[in-house]
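Protein chains in written order, with the numbering used here: chain A, 1 to 337; chain B, 338 to 674.
Protein chains: 2
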Amino acid sequence: MTSTALEVRLASRPKGWPTDENFEIAEVDIPTPGEGQILVRNVFMSVDPYMRGRMNDVKSYVPPFQVGAPMEGGAVGEVVAVGSGVDNIAAGDNVLHGLGWREYAVVPAAHTVKIDPSVAPLSAYLGVLGMPGLTAYAGLLATAEFKEGDVVFVSGAAGAVGQLVGQIARLKGASRVIGSAGSPEKVKYLVEELGFDAAFNYKEGPVAEQLAAAAPNGIDVYFDNVGGEHLEAAISSLNVHGRVAICGAIAQYNDTTPPAAPRNLAQVIAKRLTLRGLLVGDHKALQPQFIAEVGKWIASGELKYSETVIEGGASKAPEAFLGMLRGDNTGKMLVKF
Amino acid sequence: MTSTALEVRLASRPKGWPTDENFEIAEVDIPTPGEGQILVRNVFMSVDPYMRGRMNDVKSYVPPFQVGAPMEGGAVGEVVAVGSGVDNIAAGDNVLHGLGWREYAVVPAAHTVKIDPSVAPLSAYLGVLGMPGLTAYAGLLATAEFKEGDVVFVSGAAGAVGQLVGQIARLKGASRVIGSAGSPEKVKYLVEELGFDAAFNYKEGPVAEQLAAAAPNGIDVYFDNVGGEHLEAAISSLNVHGRVAICGAIAQYNDTTPPAAPRNLAQVIAKRLTLRGLLVGDHKALQPQFIAEVGKWIASGELKYSETVIEGGASKAPEAFLGMLRGDNTGKMLVKF
């Protein structure tokens with residue numbers, strides 16, 4: 001084992017779109033796990049939209065990254081050493097934890113979850129069976145109160161969360177599932193591989209027009225990963241008593257001016273719509289049900305998922321993150337160490 | 338009985354704020370009730386914010402008024418004649434119905450509700466015991482899912498709906514009730530007469546600052562009668578899992594450009610807020626419970642209400658309506674014939 005390893009630090013806070021200069025790749029000594037800690041060699045790390053918010057110095061539901069300190073986020077890896085007092089985890093085990101963006105992480109054993117690579121590939125625990133999966137599941141069923149027969153529209157539909165939202169809706173009896181994505185290839189993938197009833201490329205024309213064409217009888221549920229023009233279009237297409245789960249607004253994360261908010265909020269009254277924000281942390285109680293149901297669909301082949309894996313470890317992580325913000329990925333965007 | 342009477346017609350559709358020229362006072366023959374119909378001499382008619390929307394040629398939850406035709410809206414009056422086949426209503430009875438904006442109305446008996454002036458004054462059936470009352474009751478308890486201990490903020494708090502929202506919240510165990518209104522007299526009335534814990538004049542400074550000062554621990558429920566700056570301020574003050582009942586946006590009804598929407602919608606995610614539109618028509622099931630509970634509070638003096646009554650009948654109705662849009666009224670705005 002080498003004695004040093006790479007980590008990715010926040011070098012400076014971005015204004016608008018992040019650039020390479022906002023990140024620093026630093027070489028550090030590999031630490032020794034103390035009491036109750038384990039040392040993990042990361043195998044995959046996650047890059048997620050919410051991390052863009054943590055790069056700003058704004059109080060939110062997760063604290064901001066600190067300039068000069070390593071960034072954080074979901075990762076899976078192999079335990080290489082355990083500190084004293086750790087008796088439920090051994091070297092060679094695989095764990096899920098929250099200290100990505102580095103090759104080696106020392107974490108309290110109590111902050112990790114042991115995972116079984118014979119049940120699903122390690123990477124799945126960061127995606128379809130992990131935080132994005134539960135976000136899709138809980139957001140559709142709890143936040144948006146999906147019910148059989150609903151017409152469901154999801155934006156960012158080819159992303160880690162979006163592709164699950166659409167498929168869960170289909171498997172739960174949606175009468176129609178519509179997705180938007182940012183390339184013809186993604187649109188084709190949604191319809192031909194994932195069983196969406198309709199999909200469109202939001203770059204090819206006004207979202208409101210494309211959505212109205214795809215949903216001639218309106219929509220009942222909108223799962224919002226994008227914000228902005230998509231949210232406004234969805235409000236216009238929603239039927240009476242329609243519901244919106246607001247999960248993200250990736251279209252706006254790099255805006256330097258306040259975002260253009262939907263100008264048609266008056267329709268929220270006329271159509272008695274419900275708009276509700278979604279954070280996965282509120283829905284831990286659904287975790288067992290989520291694993292059971294989605295695990296069964298994956299095993300049967302009824303639910304598919306894709307991943308975009310960037311090889312090259314820590315030094316490639318900033319590029320992977322920026323690519324995810326641009327929508328380069330289909331499915332979960334991961335960095336492999 | 339005279340043979341002619343006045344009615345108010347929509348002369349033209351307003352652009353921005355309505356003016357006298359958008360209304361026409363016409364003299365018409367008093368009609369004779371046909372089969373199943375009754376003739377009502379109106380005593381009070383209601384002017385309500387939602388009527389501004391009906392002056393536009395826009396499809397909504399109620400159809401637009403037609404140019405050249407009489408306007409419509411809640412009214413109470415005395416039955417002066419009944420047509421053939423009407424056996425449950427007699428001359429001299431008092432009824433609530435939907436054909437205001439005229440001195441005499443012919444209405445299908447089945448579209449009227451008999452009301453008892455010995456239980457409450459006729460005017461109360463257009464306000465505290467009528468549509469605005471049920472709007473306040475259902476909006477707070479059902480739409481906003483109020484629960485004991487909540488901090489509640491209501492805008493338009495001195496209006497027909499707002500003054501009930503605040504008092505119902507207080508009587509149901511809110512930990513703090515805050516209102517905004519448009520004059521020092523109204524602010525004083527809210528605190529000294531209606532038992533609000535705090536109130537402020539939105540014309541005296543930024544709503545966000547005044548609300549933050551009045552609600553140092555944030556708010557849990559916002560009942561929105563106003564929209565615009567108020568909604569944005571409320572989103573900033575709402576606590577995690579806070580709820581908004583969006584009832585109206587009177588600040589924007591006369592805007593000729595798309596309204597400035599809240600620029601802080603991202604907080605809907607971070608704080609997992611719920612924004613939900615409210616129309617009273619969805620909540621008829623709560624009517625008996627509403628009448629029982631609010632009737633009891635009125636009888637005991639625990640709940641107060643006020644009315645602003647404009648004398649002069651149909652010819653004064655446009656002026657009363659415009660005054661209501663400007664906020665001239667405290668409590669329910671009514672026209673007396």
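Using N, Cα and C, we set each Cβ at its ideal position, and we do this for glycine too.
Just so you know, these numbers come straight off a predicted model, no measurement behind them.
Whole-Å CB distance - residue i paired with residue j, under 8 Å assumed
i, j, result
"leucine 140 of chain A", "glycine 295 of chain A", "Contact flag wrong, Cβ pair sits at about 17 Å."
"phenylalanine 337 of chain A", "valine 47 of chain A", "That belief does not hold up - the Cβ atoms of phenylalanine 337 of chain A and valine 47 of chain A are roughly 13 Å apart, past 8 Å."
"glutamate 307 of chain A", "glycine 331 of chain A", "5 Å"
"isoleucine 38 of chain A", "valine 82 of chain A", "5 Å"
"leucine 433 of chain B", "glutamine 624 of chain B", "Not really, about 12 Å apart at Cβ, beyond 8 Å."
"glycine 248 of chain A", "proline 49 of chain A", "5 Å"
"valine 514 of chain B", "valine 544 of chain B", "No, valine 514 of chain B and valine 544 of chain B are not in contact; Cβ-Cβ is about 17 Å, not under 8 Å."
"alanine 518 of chain B", "alanine 494 of chain B", "5 Å"
Element boundaries [beta strand (DSSP E), containing residue i]
i, result
"glycine 277 of chain A", "274–277"
"serine 237 of chain A", "Segment 229–237 is the alpha helix (DSSP H) holding serine 237 of chain A; no beta strand (DSSP E) there."
"arginine 176 of chain A", "176–181"
"isoleucine 115 of chain A", "113–115"
"glutamate 648 of chain B", "644–648"
"proline 445 of chain B", "441–445"
"valine 432 of chain B", "431–434"
"lysine 332 of chain A", "332–336"
is_contact[residue i, chain B] using C-beta, thresh 8 Å
i, result
"threonine 274 of chain A", "yes"
"proline 262 of chain A", "yes"
"leucine 286 of chain A", "no"
"isoleucine 115 of chain A", "no"
"aspartate 220 of chain A", "no"
"aspartate 255 of chain A", "no"
"alanine 144 of chain A", "no"
"serine 60 of chain A", "yes"
Length of the line joining the Cα atoms of residue i and residue j
i, j, result
"threonine 611 of chain B", "alanine 109 of chain A", "36 Å"
"asparagine 393 of chain B", "proline 351 of chain B", "7 Å"
"glutamate 27 of chain A", "valine 43 of chain A", "18 Å"
"serine 123 of chain A", "alanine 75 of chain A", "9 Å"
"glycine 373 of chain B", "phenylalanine 483 of chain B", "42 Å"
"glycine 555 of chain B", "serine 155 of chain A", "32 Å"
"proline 458 of chain B", "tyrosine 222 of chain A", "46 Å"
"alanine 550 of chain B", "valine 58 of chain A", "21 Å"
"serine 12 of chain A", "histidine 578 of chain B", "33 Å"
"alanine 571 of chain B", "tyrosine 398 of chain B", "26 Å"
"glutamine 626 of chain B", "threonine 593 of chain B", "40 Å"
"asparagine 239 of chain A", "alanine 215 of chain A", "11 Å"
"valine 423 of chain B", "glycine 464 of chain B", "28 Å"
"glutamate 648 of chain B", "glycine 414 of chain B", "15 Å"
"leucine 99 of chain A", "proline 318 of chain A", "15 Å"
"alanine 136 of chain A", "glycine 162 of chain A", "7 Å"
"glycine 503 of chain B", "leucine 334 of chain A", "51 Å"
"glutamine 589 of chain B", "aspartate 282 of chain A", "35 Å"
"valine 404 of chain B", "arginine 391 of chain B", "11 Å"
"asparagine 225 of chain A", "alanine 622 of chain B", "36 Å"
"methionine 408 of chain B", "glycine 353 of chain B", "18 Å"
"isoleucine 635 of chain B", "leucine 501 of chain B", "11 Å"
Endpoints, the alpha helix (DSSP H) within which residue i is located
i, result
"isoleucine 628 of chain B", "624–637"
"lysine 186 of chain A", "184–192"
"isoleucine 606 of chain B", "603–607"
"glutamate 342 of chain A", "Any question about residue 342 of chain A goes unanswered here, given that chain A covers just 1 to 337."
"alanine 654 of chain B", "654–663"
Cutoff 8 Å: residue i Cβ touching any chain A Cβ
i, result
"aspartate 394 of chain B", "no"
"serine 492 of chain B", "no"
"glycine 614 of chain B", "yes"
"isoleucine 583 of chain B", "yes"
"alanine 475 of chain B", "no"
"lysine 352 of chain B", "no"
"leucine 602 of chain B", "yes"
"serine 460 of chain B", "no"
"isoleucine 362 of chain B", "no"
"lysine 484 of chain B", "no"
"alanine 685 of chain B", "With chain B covering 338 to 674 only, the question about residue 685 of chain B has no answer from this structure."
| said: To test your reading of the DSSP string, which unbroken alpha helix (DSSP H) runs of 4 or more residues are found completely within the segment 4–65 of chain A? | reply: 50–54
| query | Which parts of the segment 463–518 of chain B are runs of the beta strand (DSSP E), unbroken and 3 residues or longer, counting only runs that do not cross its ends? | reply | 488–491, 513–518
| message | Please give the ranges of any beta strand (DSSP E) in the segment 539–564 of chain B, keeping only runs that are unbroken, at least 3 residues long and fully inside the region. | response | 556–561
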